[in-house]
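What follows is a short report on a single structure.
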Amino acid sequence: MDTLRFISLISFVFLFTNCYKTEYTKSDESFQSIYMRDWKTSVCPKKVVLEKYMKNTDFKKLISSDSDFDIRNCDSIYASLNQRILSPNVTYIGQINYDIKLVIDDSLVYRITDIKDGTDTVSGRSGPGKWIIMNNIKSLVINGHKLDNSKTPLSFNIPTNLGKLMK
31 MDTLRFISLI
41 SFVFLFTNCY
51 KTEYTKSDES
61 FQSIYMRDWK
71 TSVCPKKVVL
81 EKYMKNTDFK
91 KLISSDSDFD
101 IRNCDSIYAS
111 LNQRILSPNV
121 TYIGQINYDI
131 KLVIDDSLVY
141 RITDIKDGTD
151 TVSGRSGPGK
161 WIIMNNIKSL
171 VINGHKLDNS
181 KTPLSFNIPT
191 NLGKLMK
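Each residue of the sequence shown is one higher than the last, beginning at 31 in the numbering used here.
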């Protein structure tokens with residue numbers, strides 16, 4: 031009799047945990063933000079410029095330039111995080127098939143090339159059966175240093191020390 035109750039209970043639980051509709055949503059955002067890791071100063075950037083260049087042109091053929099960014103984590107309560115978050119106020123759409131030059135305060139330059147991204151299906155945060163099809167930045171090269179970006183797929187994860195001083 032106990033075996034029958036156990037099987038009934040397991041069947042009941044299985045029935046209700048698997049009775050959800052699988053839903054897919056598509057997000058075509060290229061990226062949401064840029065994380066500047068190991069920001070070793072209390073100074074908050076005042077100006078951020080993101081320039082898009084045609085791929086493999088050695089930053090000679092400019093496509094567009096954008097300086098409309100929200101700069102976060104500058105307050106003293108975020109000091110322990112040791113990072114700045116740069117979020118564009120415009121939405122970048124589609125896969126990234128261009129090179130990027132990121133200039134901070136007209137002094138630090140990050141040349142971002144060889145961006146490897148693709149479309150992946152990831153589990154949504156709103157419960158089981160919710161899936162999001164989105165662009166993921168897998169790896170990139172910043173000023174000659176190859177970086178794995180798989181842990182922050184919708185953002186650029188940039189160590190601050192890779193920046194070059196502008197001439």
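Glycine included, each C-beta is placed from N, C-alpha and C at the ideal position.
Out of curiosity, what's the CA-to-CA distance linking residue i and residue j?
i, j, result
"M230", "R35", "Since the displayed the chain opens at 31 and closes at 197, residue 230 lies outside it and no answer follows."
"C74", "T143", "26 Å"
"S60", "T33", "53 Å"
"I188", "T52", "35 Å"
"F42", "Y54", "27 Å"
"S185", "D150", "14 Å"
"K85", "I37", "60 Å"
"Y65", "S153", "22 Å"
For the putative contact between residue i and residue j, defined by C-beta atoms under 8 Å, what is the C-beta separation to the nearest angstrom?
i, j, result
"D237", "N103", "In the structure as shown, the chain begins at 31 and stops at 197. Residue 237 is therefore absent and cannot be evaluated."
"I123", "I145", "Actually they are not in contact, since the Cβ atoms of I123 and I145 sit about 15 Å apart, beyond 8 Å."
"I172", "Y140", "5 Å"
"D100", "V120", "Not really, about 11 Å apart at Cβ, beyond 8 Å."
"K70", "Y83", "Rounded, the Cβ-Cβ distance is 29 Å, inconsistent with contact."
Taking C-beta to C-beta, are residue i and residue j nearer than 8 Å?
i, j, result
"L116", "S57", "no"
"D147", "K168", "yes"
"L195", "L138", "yes"
Quiz prompt | 3-residue-minimum beta strand (DSSP E) runs that sit fully inside the stretch 47-122, ordered along the chain | solution = 53-57, 63-67, 78-84, 92-96, 99-102, 113-118
Exercise. Could you say if the stretch 73-87 and the stretch 126-139 meet the contact criterion of at least three C-beta pairs nearer than 8 Å?
Key: yes
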